[in-house]
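A short worksheet on the structure shown next.
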Amino acid sequence: MSENRGFLLIDKAPGSSSFALVKQLRALTKISRIGHTGTLDPFASGLLIFALGSYTRLCQFLELQDKEYEVVLKLGEQTETGDTEGKVVAVSENIPFQIDKETLREQILQVKSLVTPAYSAVKIKGKPAYSYARKGIKVELEKRPVHISKFEVTDYSFPYLSFSCKVSKGTYIRSLGELIAQLLGTVGHCVSLRRTAIGYLTVNQSYKIEDITKENFTSHFFPVEELFPDFEKLYLSEKELIFLSNGNPIPKSGNNNETILIFDYAGSLQGVAKRKDSILNPYINLKS
0 MSENRGFLLI
10 DKAPGSSSFA
20 LVKQLRALTK
30 ISRIGHTGTL
40 DPFASGLLIF
50 ALGSYTRLCQ
60 FLELQDKEYE
70 VVLKLGEQTE
80 TGDTEGKVVA
90 VSENIPFQID
100 KETLREQILQ
110 VKSLVTPAYS
120 AVKIKGKPAY
130 SYARKGIKVE
140 LEKRPVHISK
150 FEVTDYSFPY
160 LSFSCKVSKG
170 TYIRSLGELI
180 AQLLGTVGHC
190 VSLRRTAIGY
200 LTVNQSYKIE
210 DITKENFTSH
220 FFPVEELFPD
230 FEKLYLSEKE
240 LIFLSNGNPI
250 PKSGNNNETI
260 LIFDYAGSLQ
270 GVAKRKDSIL
280 NPYINLKS
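Under numbering that gives the first Met the number 0, the first residue of the sequence shown is numbered 0, with each subsequent residue one higher.
What follows is the structure, given as structure tokens:
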């Protein structure tokens, strides 16, 4: 199996797009098949997980992980994009001098859905929402279900409110920022957004893109077993691997509906399987 497959944890700097980093990594590694597990807006910084080679097929598991952020919200000004990239579209002088942090926390933890931002990649009639917004076309934006498991106001220095949060997949922090401002009786937009964690992984485990070179990129790969600590790991014989890779189930006792990482005896990841009624069924074949 080629060594040019793996995961890179990158600390994105503000100002660059997630796709720009994909292009940069393609140029550095000469690997065309590169994906990531959750876009960060250009103004944002923090953790991005890039999958290289056949490991792009494992992104589906990481995309489901909760994400953590540190955010600074400016109260009193609303922008068309909900961040610093757009022009100001509303101003309010009704900015609180003090905030009841606990009340706000309780309100946010009860939020079950948020409106999708007009400037987002969510598809509407086959086109991304931002394509309509850039042309000044108003479209109906649906609310999306969210789960906010942690929220804390970390500082309030008028008119800037800093908070940290842990949210489910698909939560737009720009929308959350606007909701917070609304609950405080004003308007607002995000001026700083940093992703600090995805699931178990933190930005402290990542590298700057400047640290990655064509000579050293494989040495910066994050161990795949540590990316999925909750997954069972099975080591199979060559005969079993061939049988499984050809789409055939094999008997292996254990818990039902468990996602299992399949390794060869040398410790190389070969694929992913699912178990049902003590039968191991192939799910992802990394050789194909």
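No residue lacks a Cβ here, since even glycine has one placed at the ideal position from N, Cα and C. It should be emphasised that the depicted structure is a prediction, and the values quoted were computed from it without experimental measurement.
Asked: If we ignore side chains and look at the alpha-carbon of each, how far apart do GLU177 and GLN23 end up?; Found: 33 Å
Asked: Using C-beta distances below 8 Å, list every residue in its chain close to SER244, excluding the 5 sequence neighbours before and after it, in chain order.; Found: GLN269, GLY270, PRO281, ASN284, LYS286 and SER287
Asked: What's the C-alpha gap between ALA50 and ILE179?; Found: 34 Å
Asked: I need the straight-line Cα distance from PRO41 to ILE249, nearest angstrom please.; Found: 46 Å
Asked: Using a Cβ-Cβ cut-off of 8 Å (strictly less than) and excluding sequence neighbours within five positions of GLY14, which residues of its own chain qualify?; Found: PRO41 and PHE42
Asked: Whole angstroms are fine: how far does the CA of GLN181 sit from the CA of LYS86?; Found: 19 Å
Asked: What does VAL90 pair with, by DSSP beta-bridge criteria?; Found: GLU76
Asked: Is PHE162 helix, strand or coil when you go by DSSP?; Found: strand
Asked: Can you find the residues in the same chain that come closer than 6 Å, C-beta to C-beta, to ASP10, ignoring five residues on each side of it along the sequence?; Found: VAL202, SER205 and LYS207
Asked: Using DSSP bridges, identify the partner residues of HIS35.; Found: PHE49
Asked: Spell out the partners DSSP gives ASP154 in its beta bridges.; Found: SER161
Asked: Taking the alpha carbon of THR80 as the reference point, which residue from ALA128, GLU67 and LEU61 has its own alpha carbon closest?; Found: ALA128
Asked: Within this structure, are the beta carbons of LEU192 and ILE211 separated by less than 7 Å?; Found: no
Asked: What beta strand (DSSP E) runs, 3 residues minimum, are completely inside the segment 212-282?; Found: 231-234, 257-262 and 268-275
Asked: Measuring straight from C-alpha to C-alpha, what distance separates SER188 and PRO222?; Found: Sequence inspection shows His at residue 188; the Ser mentioned does not correspond to that position. One C-alpha to the other measures close to 37 Å.
Asked: ARG194 by DSSP, collapsed to three states: which one?; Found: strand
Asked: Leaving aside the five residues before and after THR115 along the sequence, list all residues of the same chain whose C-beta is less than 8 Å from its C-beta, in chain order.; Found: VAL121, ALA128, LEU140, GLU141, LYS142, ARG143, TYR171 and SER174
Asked: Hey, GLY198 and GLN59: beta-carbon distance below 7 Å or not?; Found: no
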